[in-house]
Every structure is written in C-alpha cells, then in structure tokens.
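Enquirer:
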Amino acid sequence: MPRGASKNKPKKSLNSLELQVSEDSVSEREHGDAMLMDTDSAQVKEVTSADIMQAIKSLKQDFHTEISGVLTAIKDIQANIRECNGRITQAEERVSSAEESINSLQTKVSALEGKVTFLETKADDLENRSRRNNMRIVGIPVKDEGTDSCAFMEKWFTENLSVQPPVILERAPRITGPAHGPTSSSRTFIVKFQNYRDKERVWRASRAKGQLIYKINNIRFHLDLSAEVYKQQRDFYDVRQKLRERGVDKHRMLYPAKLLVTHGGRAHTFNTPAAVYQFIAGLGEDA
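Numbers 508 to 794, taken from the working numbering, label the letters of the sequence shown in order.
(1) Between Leu732 and the rest of its own chain, which residues show a CB-CB distance below 7 Å, the 5 nearest in sequence each way excluded?
(2) First and last residue of the beta strand (DSSP E) that includes Lys699?
(3) Are there 16 or more other CB atoms within 10 angstroms of the CB of Met560, so buried, or fewer, so exposed?
(4) Could you check the C-alpha separation between Ile682 and Arg694 for me, to the nearest Å?
(5) At 3 residues or longer, what runs of the beta strand (DSSP E) sit wholly inside the segment 699-747?
(6) Excluding the 5 residues flanking Gly653 on each side, which residues of the same chain have their C-beta closer than 7 Å to its C-beta?
(7) Going by beta-carbon coordinates alone, are Tyr721 and Ile787 separated by less than 8 Å?
(8) What separation, rounded to the nearest whole angstrom, lies between the Cα atoms of Val698 and Leu790?
(9) Taking the alpha-carbon of Arg751 as reference, which of Tyr784, Asp569, Gln597 has the nearest alpha-carbon?
(10) Given a cut-off of 8 Å on the beta-carbon distance, is the pair Lys757 and His770 in contact?
(11) Just the Cα atoms here: how many angstroms apart are Ser691 and Lys622?
(12) Opposite Leu761 in the DSSP bridges: which residues?
(13) Taking only runs of the alpha helix (DSSP H) that begin and end inside the segment 636-689, which ones reach a length of at least 4 residues, in chain order?
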C-alpha cells in the first residue's frame with residue numbers, strides 16, 4: 508500500500524505540470540494576440556486620421572474653389588444689376604420726357620383740331636356764300652337750250668314761272684354726269700344770277716308754283732349748296748319720309764341743315780334727325 512501510494516504521486520505531479528505549461532502557453536498566446544490587435548488598431552487609427560485630414564483638406568480646397576466661383580458670379584451679377592439700374596434710370600428719364608412731350612403734343616393736337624374744325628366750318632360757309640346766287644334745276648331735257656343756255660333759261664323763267672321783270676343770268680351750264688328723268692335724258696342746270704334778288708324771286712315763284720311739269724317731266728328746284736351741307740341735309744331724308752307717312756307734309760329744310768316742321772298750327776325746328784324721330788313718337792297714332 509505504501510509502495511503503491513508512492514508510485515501514484517509522481518504521476519499526479521506530472522499532470523499538474525502539464526496543465527501549468529498549457530495554461531502558460533495559452534496565456535502567452537493570448538497576450539501575443541492582444542499585442543498584435545493593439546498594433547493593428549493603432550495602425551488603423553493612424554491611417555484613418557490621415558485620410559480624414561486629407562479629406563478635410565480636399566473639402567477645404569473644393570469649398571474655397573466653389574466659394575471663389577460664387578463670389579465671382581455675385582460680383583458679375585452685382586455689376587449687371589448696377590448696369591441695369593443705370594439703364595432703368597435712363598429709361599425712366601426718357602419715359603418721363605416722352606410723357607411730357609406727349610402731353611404737350613396732345614395739347615397742340617387738340618388746339619389744331621379745334622382750328623381745323625373752325626377752318627373747315629369757315630371754308631364751308633364761304634363756299635356756300637359763293638353759291639348764294641346759284642340755283643339747281645333738274646328735269647329740263649338736254650339740247651332744249653340750244654347754243655345759248657343763258658337766254659333760254661331767262662325766257663324759260665318768264666314763260667313757266669311768270670317771273671317779271673325778266674331775270675338776268677351770268678351763267679347757266681349743265682353739270683356733267685348721268686342723265687336724269689324716266690322719259691328723256693336730262694342733266695342738272697346750275698344757273699347763276701347776276702342779282703341775288705332775282706334768284707330769290709325765282710325761288711319764291713317755284714315754291715308758289717308747286718309741282719311744275721315741262722314736256723312731261725317734273726321740274727325740281729334746289730339751292731346750290733356745298734357737298735357737306737348736302738350730306739347733312741340728306742341725313743333727314745328718311746325722317747321726312749316718316750313725316751309724310753304720318754300725314755305731316757308741311758316741312759322743309761332750313762340752311763344749313765335744319766328741318767322746319769309745321770304741325771297743328773305750330774312751327775318746330777329740329778337740328779338732328781333723332782330729334783325729329785322723338786317728335787314723331789309723340790304724335791300718337793292719329794296724327
């Protein structure tokens with residue numbers, strides 16, 4: 508027993524020694540691995556910091572480049588804005604000057620329009636005054652006057668209108684243009700009297716005669732007026748027809764373009780056709 512016990516004891520010590528050696532080996536290996544990991548971590552840290560610094564420097568350079576470009580663009584924009592402001596100021600000055608010129612021109616145009624209207628009215632009045640001794644006669648057949656139209660018309664007034672003493676004419680031409688009248692060719696006579704009173708005597712005689720027939724033609728007498736006055740008087744044509752349809756036959760034109768209507772024993776003067784239409788509307792159905 509004692510001998511057996513002494514044999515087993517060295518064996519147990521050997522196992523303990525082997526376990527000790529194994530533990531020491533593992534510890535050394537772990538320590539070595541730890542040292543390697545620390546070295547790798549340090550190297551990783553060193554590389555990462557260098558990269559970050561390099562990246563920061565690169566970003567700073569890029570940022571500086573971009574900022575320089577932006578600042579240059581801003582300076583260009585500011586220069587353009589200053590130039591535009593200068594142009595706008597010049598444009599405002601020109602517009603203001605143009606507006607002043609336009610206002611001045613409008614004032615002048617208004618004054619000139621007033622003068623033109625005045626001169627047109629005056630010229631038309633002078634033209635009509637120059638025609639005061641004239642009369643238009645429509646319906647006398649062509650060639651009846653022969654070679655002396657003045658002598659023919661002087662005799663015609665005496666024979667057909669019973670004008671005494673005989674009138675004296677300065678001229679009696681026919682106007683050129685298309686013939687008038689349904690049964691024979693005729694062109695308007697424009698007779699010019701030497702005396703205004705002779706013209707008035709013939710005019711009153713024609714009014715007193717009423718309808719005058721000469722060689723089956725209806726003879727019509729008209730005052731010789733300017734084209735503008737004729738146009739103004741023609742504007743009353745339709746309304747005069749309306750008056751005839753309503754049985755109002757006593758109406759005539761007054762110089763230059765006024766309508767005199769006699770109805771119910773009263774005389775009414777109208778300056779525009781619209782005023783006549785209002786008068787007709789007020790007559791009633793039995794007018």
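Where a beta carbon is used, it is the ideal one built from N, C-alpha and C, also for glycine.
Expert: Taking the definition as stated:
(1) Asn635, Arg638
(2) 696-700
(3) exposed
(4) 6 Å
(5) 719-721, 724-730
(6) Phe659
(7) no
(8) 40 Å
(9) Tyr784
(10) yes
(11) Legend: pLDDT at Ser691 = 47, less than 50; position of this residue unreliable, value from coordinates given subsequently. The straight-line gap from Cα to Cα measures roughly 47 Å.
(12) Lys765
(13) 656-668
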